[in-house]
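The structure appears below as structure tokens.
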Amino acid sequence: MTSIELNKPIAPDKPYNREDWQRGYRSLPQEFDYWIEDVDGEIPLDLTGTLFRNGPGRLDVNGQRIHHPFDGDGMICAIAFQNGRAHFRNRYIQTEGYLAEQAAGKIMYRGVFGTDKPGGWLANLFDLKLKNIANTNVIYWGGKLLALWEAAEPHRLDPRTLDTIGLDYLDGVLQPGDAFGAHPWVDPASQLDHGEPCLLNFAIKPGLSSKITVLEFAANGQLQRKNSTTVPGFCFIHDFAITPAYSIFFQNPVTFNPLPFLAGLRSAGECIQFHPEQATKIVVIPRSPSPTPHALLSTAQTFATHSGFVFHHANAFEAGDEIVIDSICYESLPSVEPDADFRETDFDTLAPGQLWRFRVNLRSGEVQRHLLEARCSEFPSLHPAKVGRSHRYLYLAAAHAPTGNAPNQAILKVDVETADRQLWSAAPWGYVGEPVFVPRHSDHTALVGAEDDGWVLTLVFDASSDRSALVILDAHDLHQVARLNLKHHVPYGLHGSFTPDCF
Ligand code: CO
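My numbering puts the first residue of the sequence shown at 33, with every later residue one more than the last.
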């Protein structure tokens, strides 16, 4: 291959360009506060509330590159909407590690995904102190804005200023050093709480056997239920799914070899090995020891299915004797190689994430699965009133092309009842983040009107202008309602949430 071919701006057979994609992984060291004035289209007058986003904002510490974006310091973006206007703000979470490294001007902690402190293996030997980087998700619940990272305690922030208040122990529910997952769900009408909304989250203690603790909180933040279940084997579980009666966990077929990690030779993420010859286990845990009227299980049970790796679930619901779970599944876990640079990802050599439907029969123990959508996709989202209930529409970040693996450049709407699909694409210049569905009606826990009556919000990195934009799509047909052009780029983020409260 000649250098001319390598430097082509857009490969003729691809809707994306890897160098463009890489530019979305630059640090954003500045913190901003401004009204967004550069708007194409009109911001809907009835769109009121705040979109909070979290993700790694710094991909380097004083020029020292971190090894993997999952190790980057958490940065919150808040985009507040009111009366057809929008305000942007971003702030770094002032974690202990962030403050220490910024003061020292160098990397001082080991990252889970391979960022070593300088000094080689000797400096990393027996250094088990991981940095709580608070970079995965952000939720507003019980009057608190919480930045989440699954291996440690949440950080509480001021929802108006995004100032860091500090580690939050949820009024004594957590102890120092406890894990608290980054993928909570809100049951919009909890049968166990007289139909009131309830937030569910989990904490994993992995080991030779692993303890899964499910925590449920009322709208005022008070703990309602706490159940622990121990399952055999190591668990690498990033997300879960809920129904009115159950919490559901996919125990991916992976093992963990701690020796290279303890010796400082490899990061924790690099010591996880995927086993394609082993089954994925689906662990179904009743939310309450006194089952709801239709619940078939009163204790936790495990069901085996085809090998695969799941980071994210779209939704789950109960249907007769079955639990139905829609998830993004990979044929295997892309391994984190010690010497690999994530910026050099060769998309063509990796299996795409695809939307699958799993049906677990609680009586017979049988699990069936079928592919709902072959297009490469991630970051599923749906109407908040449909969480744990049977849904019709899902919104996903997806590849522009219908087959193969590629960066997310499009938003895909899937109608699970029909073969209908809609696609909004930002290709060839745009790279999208997680879509967030926002209902038009201000009571997000109720289904008022059609299930797709609302908007889909997503941040798009635009390589042609080197800036990011917040795009508002009409969820009904995915046409672009407005595009809010920011004054800068926002590094690719992970997860976030929308609250009808305008901060
Ligand atoms: Co996630």
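For every residue, glycine included, the Cβ atom is placed at its ideal position computed from N, Cα and C.
Determine whether the beta carbon atoms of residue i and residue j lie at a separation below 9 Å.
i    : j    : result
P76  : Y524 : no
A431 : R407 : yes
R375 : Q54  : yes
G465 : R90  : no
G481 : F469 : no
H345 : I280 : yes
Y427 : L444 : yes
I304 : T334 : no
T262 : A348 : no
P318 : E302 : no
L404 : W388 : yes
E185 : P208 : yes
D484 : R424 : yes
E182 : A214 : yes
Could you tell me whether any non-hydrogen atom of the ligand CO is closer than 8 Å to the CB of residue i?
i    : result
A214 : yes
D103 : no
N167 : no
H270 : yes
H476 : no
H344 : yes
L426 : no
A527 : Looking at the sequence shown, residue 527 is not Ala but His. Correct: H527 has its Cβ closer than 8 Å to the ligand CO.
Whose C-beta lies closer than 8 Å to the C-beta of residue i among residues of the same chain, with five residues either side of it excluded?
i    : result
E74  : G116, V513 and A514
D26  : Since the first residue of the chain shown is 33 and the last is 535, residue 26 is not available in this structure.
T82  : A110, I111, A112, F113, Y172, P191, F530, T531, D533, C534 and F535
N289 : C303 and Q305
A336 : A311, T312, K313, I314 and V399
G227 : A221
G129 : D105, M140, Y141, K163, N164 and I165
G198 : H187 and R188
Within the 9 Å Cβ cut-off, does residue i reach chain D?
i    : result
D353 : In the structure shown, chain D does not exist; there is a single protein chain.
Would you mind reading off the limits of the beta strand (DSSP E) that contains residue i?
i    : result
D72  : V71 to G73
E405 : V399 to E405
C361 : E354 to Y362
E248 : S241 to A250
G528 : G528 to T531
I139 : Element bounds for I139: n/a, residue is neither H nor E.
S413 : S409 to S413
Q454 : R453 to S457
W388 : Q386 to N393
V446 : A442 to D447
S500 : R499 to D506
C230 : E228 to K237
V464 : G462 to V464
R85  : G81 to R90
N284 : Taken as a continuous stretch (DSSP letters only), N284 belongs to no beta strand (DSSP E), as it is neither H nor E.
L189 : H187 to L189
Y425 : Y425 to A430
D65  : D65 to W67
Span of the alpha helix (DSSP H) holding residue i?
i    : result
W53  : R50 to R55
A132 : E128 to A136
Please return the same chain residues whose Cβ sits closer than 7 Å to the Cβ of residue i, not counting the five positions on each side in sequence.
i    : result
F343 : H270, D271 and I360
L194 : I108, A110, R121 and R123
G95  : none
D45  : none
P47  : H432, A433, Q441, A459 and P460
Can you tell which of the options has the C-alpha that lies nearest to the C-alpha of residue i?
i    : options                   : result
A273 : V218, F266 and N289       : V218
T127 : D78, K176 and L180        : L180
L60  : D45, D70 and R121         : R121
Y57  : T531, L455 and D494       : D494
S497 : D506, V488, S241 and H520 : H520
F63  : E398, N167, V522 and E69  : Residue identity differs from the one stated: residue 63 is Glu in this sequence, not Phe. The candidate whose alpha carbon is nearest that of E63 is V522.
A417 : I197, D475 and A251       : D475
Q283 : L414, L232 and I244       : I244
V503 : T477, L526, A478 and P467 : P467
G137 : L177, D92 and F379        : D92
A429 : Q441, R421, S422 and G436 : Q441
P323 : E350, E363, A277 and G340 : A277
E410 : V446, D225 and P325       : V446
A351 : C267, A235 and A327       : A327
S364 : T381, I355, D506 and S422 : T381
R472 : N233, G462, H99 and L489  : L489
Within its chain, find whatever has a CB closer than 6 Å to the CB of residue i; leave out the 5 residues flanking it on each side and keep chain order.
i    : result
E51  : none
N517 : D70 and A501
H119 : W67 and A112
Would you say the beta carbon of residue i comes nearer than 8 Å to a heavy atom of the ligand FMN?
i    : result
C230 : In the structure shown, the ligand FMN is absent; the only ligands present are the ligand CO.
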